[in-house]
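Just so we're aligned: the sequence shown equals residues 2 to 577 in the numbering used here. Backbone N, C-alpha and C define an ideal beta-carbon position, used for all residues, glycine too. One structure below.
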Amino acid sequence: MVPDVSIGTRASDELLQLPVLIKKDANGEMVQLNVLPNAPEASRPEIDHAGYDPIKPFKVLLADPPARDDDYDKAYPNLGILQLISYTREHTPLEDEDIIFLDQFHSVEDHVAAIEAHRPKIYGLSFAFLTQRIAYQTINEIKKRFPDLLIIAGGPHPTSVPETVLKETAADMVCIGEGEMVLADIVNRMIHGDRDFEHIPGLLLRQEDGFKHTGAPRAIEDLDSLPFMAWDRIDFSKFVGQHYCKSNRQSCIVISRGCPYKCTFCSLPVWRVARPFVRMRSPENIAAEVDWLYRLGVREIKIVSDEINVHLPWAKKVCEAIADLGHKDLFFQSNLRADKIDDELAYLFKRMNMWLVHLGVESANDRVLDGIEKKITVEQCEQCLKFLKKHKIRVLLFMMAFQLWERDGELKYETPGEIRKSLRWVWKQFFLRRISYMTWSIATPMPGAPLQTIVDKHGLKSSDQVLDNWNRNKDYLGIDLTSLGISEKAKLFYLRAGIISKGMFAMVSGNFDWRRNFYRVGILMRSFFGKWNTRWEEKESSRERTITTAASDERGDIEAKRQPILNRPLTTKVEG
2 MVPDVSIGTR
12 ASDELLQLPV
22 LIKKDANGEM
32 VQLNVLPNAP
42 EASRPEIDHA
52 GYDPIKPFKV
62 LLADPPARDD
72 DYDKAYPNLG
82 ILQLISYTRE
92 HTPLEDEDII
102 FLDQFHSVED
112 HVAAIEAHRP
122 KIYGLSFAFL
132 TQRIAYQTIN
142 EIKKRFPDLL
152 IIAGGPHPTS
162 VPETVLKETA
172 ADMVCIGEGE
182 MVLADIVNRM
192 IHGDRDFEHI
202 PGLLLRQEDG
212 FKHTGAPRAI
222 EDLDSLPFMA
232 WDRIDFSKFV
242 GQHYCKSNRQ
252 SCIVISRGCP
262 YKCTFCSLPV
272 WRVARPFVRM
282 RSPENIAAEV
292 DWLYRLGVRE
302 IKIVSDEINV
312 HLPWAKKVCE
322 AIADLGHKDL
332 FFQSNLRADK
342 IDDELAYLFK
352 RMNMWLVHLG
362 VESANDRVLD
372 GIEKKITVEQ
382 CEQCLKFLKK
392 HKIRVLLFMM
402 AFQLWERDGE
412 LKYETPGEIR
422 KSLRWVWKQF
432 FLRRISYMTW
442 SIATPMPGAP
452 LQTIVDKHGL
462 KSSDQVLDNW
472 NRNKDYLGID
482 LTSLGISEKA
492 KLFYLRAGII
502 SKGMFAMVSG
512 NFDWRRNFYR
522 VGILMRSFFG
532 KWNTRWEEKE
542 SSRERTITTA
552 ASDERGDIEA
562 KRQPILNRPL
572 TTKVEG
């Protein structure tokens, strides 16, 4: 049976007319702003295609890891793939129906069935660190069944550890960094029978004698030049969105790329493989896409940016442009930094219907904040909360316990006493009605993060433990700190304290979409009562099996891989 996939199915023509923004000029006249300048072609060398006839039909299949076999977050569609679809539609000869999109709601067999039915020339899989196991298994299974199919691995995890991905899978190449120009270049070559990819920057290629980097990745400097994401390919009702919300008709919008900061727990290669590290869209361009989403029926938007106030004057203009649209029944959420806010920005948040901001504080101890390179202070956090409270903006606080860092080569860590102080501080802010919600997690290293380098340097176990706990559908307990005198039992105690606080805040504050997110209650209960033995401590042979997969291609057999047991289905999703 062929799975239900997205193959160029569009919304009504009326809704899909190019978004425009109407605004008053200095003389009070209504004018139409040009918010969609033509995007430049992907910067590739001239290719002589003389003597080659274009391959027809030529199809591309872009996919998320199959969540029916390995459950993970389904709040929103894969934004990277939606941008790839819209860019490829504009910069290659492919028609909309030539680009197939398999979202999260599929199995490995669905992927196989879709390939058999549509016979694409390219299969691209985008994945992150916590979904690497099912991604690896999927790639190897696809290559085993379709050895001549070109397989590209992309996304945050392949960008962070491209060599590891090629060693663990049968993928033909890894796209490092942003993929729009890379995919367009590959398609424009292959469609004319050319499979020489060595001159396309930003790839790690598999070759007979090893791997080859094709040059530094490229970054799209002018984000306004990008077409809007392929929202016309999305059924918004399939995605649960944020669990704290004003509307269940939710979506999101990317307004910037990159981050100028270097927090120790963040996977830096995701944003720092190409310059400039930070790029922002124009306020007019952002407002035009917001207006389009509104016309598509969306009534709540999560603004995707590491921090909306990365540049304070720009942030204010963005808020003004969105507020000027006049959509009183459209609500917003966004990430926020604590040190770049004033009363005017908080007022503009209120004017644009920003009802909730996500504030990354992590710890209420200046020693810890300085150690993990947050570049903020507790005093700045409290001042930020005062501005937001004045204008009745609710706050979702991000907290992360048991941080690690180095100072002059010496390992430092957040003590249990400091964690208790953070919890008391959080409760104080809640009683002062400055915050409404909280997330509470244990510091967890990711590939490419300084934190991962630190735990590796000091011989602390982490990656296996994180992935094993994720596979058991529990909150992962980060790093093994027993050598520092902190037991797993102690970590579980503080995790439970955070879970209790988080639950109580949510019950009191409301705006939790119980109908679509009730399963999260069960997740919290499993986390609260869970037994925290990890595979490297206890083999648990009764709960594990191994899957041996072999993949071969025209270059010869690839060593068989041992794959861990898959995660459990949707009803046991992990709550971070």
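Every alpha helix (DSSP H) stretch that sits fully inside the stretch 151 to 208 and reaches 4 residues is listed by chain position as 157 to 161, 163 to 169 and 181 to 191. E301: member of the beta strand (DSSP E) spanning E301 to V305, first to last residue. Taking every protein chain shown into account, the CB of P78 has 16 or more other CB atoms within 10 angstroms, so this residue is buried. Following the DSSP letters along the chain, one finds T416 in no beta strand (DSSP E), marked with neither H nor E. Under the three-state reduction of DSSP, M505 is assigned to helix. Take F278, set aside five residues on each side of it, and the residues of its chain with a beta-carbon closer than 8 angstroms to its own are G259, C260, P261 and W272, in chain order. Between L398 and M439, the C-beta gap is smaller than 8 angstroms, which places the two residues in contact. In its chain, beyond the 5 residues on either side, P4, P67 and R69 have a beta carbon closer than 7 angstroms to the beta carbon of H107. Less than 8 angstroms separates the beta-carbon of E308 from that of R338. For D111, the closest of P148, T132, A64 and D149 by C-alpha to C-alpha distance is A64.
When only Cα atoms are considered, V299 and Q84 end up about 18 angstroms apart. Cβ atoms of I177 and T160 come within 8 angstroms of each other, at about 5 angstroms. Beyond the five residues adjoining it in sequence on each side, D149 comes within less than 6 angstroms, by CB distance, of no other residue in the same chain. S127 carries a strand assignment under DSSP once its states are collapsed to helix, strand and coil. In the three-state reduction of the DSSP assignment, C267 falls in the coil class, being assigned neither a helical nor a strand state.
Boundaries of the alpha helix (DSSP H) around A324: L313 to A324. Inclusion of M230 and S87 in the CB contact set at 8 angstroms is warranted, their separation being smaller than that value. Annotated as distal: A171 and I201, with beta-carbon spacing of 8 angstroms or more. DSSP, reduced to helix, strand and coil, places K213 within a strand of the structure shown.
Shown here, V369 sits in a helix according to DSSP, grouped into three states. A residue is called buried when at least 16 other Cβ atoms come within 10 angstroms of its Cβ; D344 does not meet this threshold and is exposed. By the CB criterion at 8 angstroms, V61 and I116 fall outside the cutoff. A Cβ-Cβ contact shorter than 8 angstroms links L224 with R280.
Going by DSSP, E222 is part of no beta strand (DSSP E) at all; its letter is neither H nor E. Taking K303 as reference, the option from Q243, G361 and I342 with the minimal CA-CA separation is Q243.
Here M174 is near F198, since their CB atoms are less than 8 angstroms apart. With contacts defined by Cβ atoms closer than 8 angstroms, A129 and G156 form a contacting pair. Taking the Cα positions, E91 is about 18 angstroms away from I235. In this structure the stretch 361 to 369 does not touch the stretch 317 to 329; the number of beta carbon pairs closer than 8 angstroms is below three. If you draw a 10 Å sphere on the C-beta of P448, you find 16 or more other C-beta atoms in it, and that means buried. DSSP lists no bridge partner for F229. Distance check between F59 and each of Q251, T416 and V188 places V188 closest, using alpha-carbon atoms only. When secondary structure is reduced to three states using DSSP, S364 falls in the coil class, being assigned neither helix nor strand. Annotated three-state conformation of C385 is helix, per DSSP. Going by beta carbons, E290 and I254 fall inside the 8 angstroms limit. Taking the Cα positions, D457 is about 14 angstroms away from K413.
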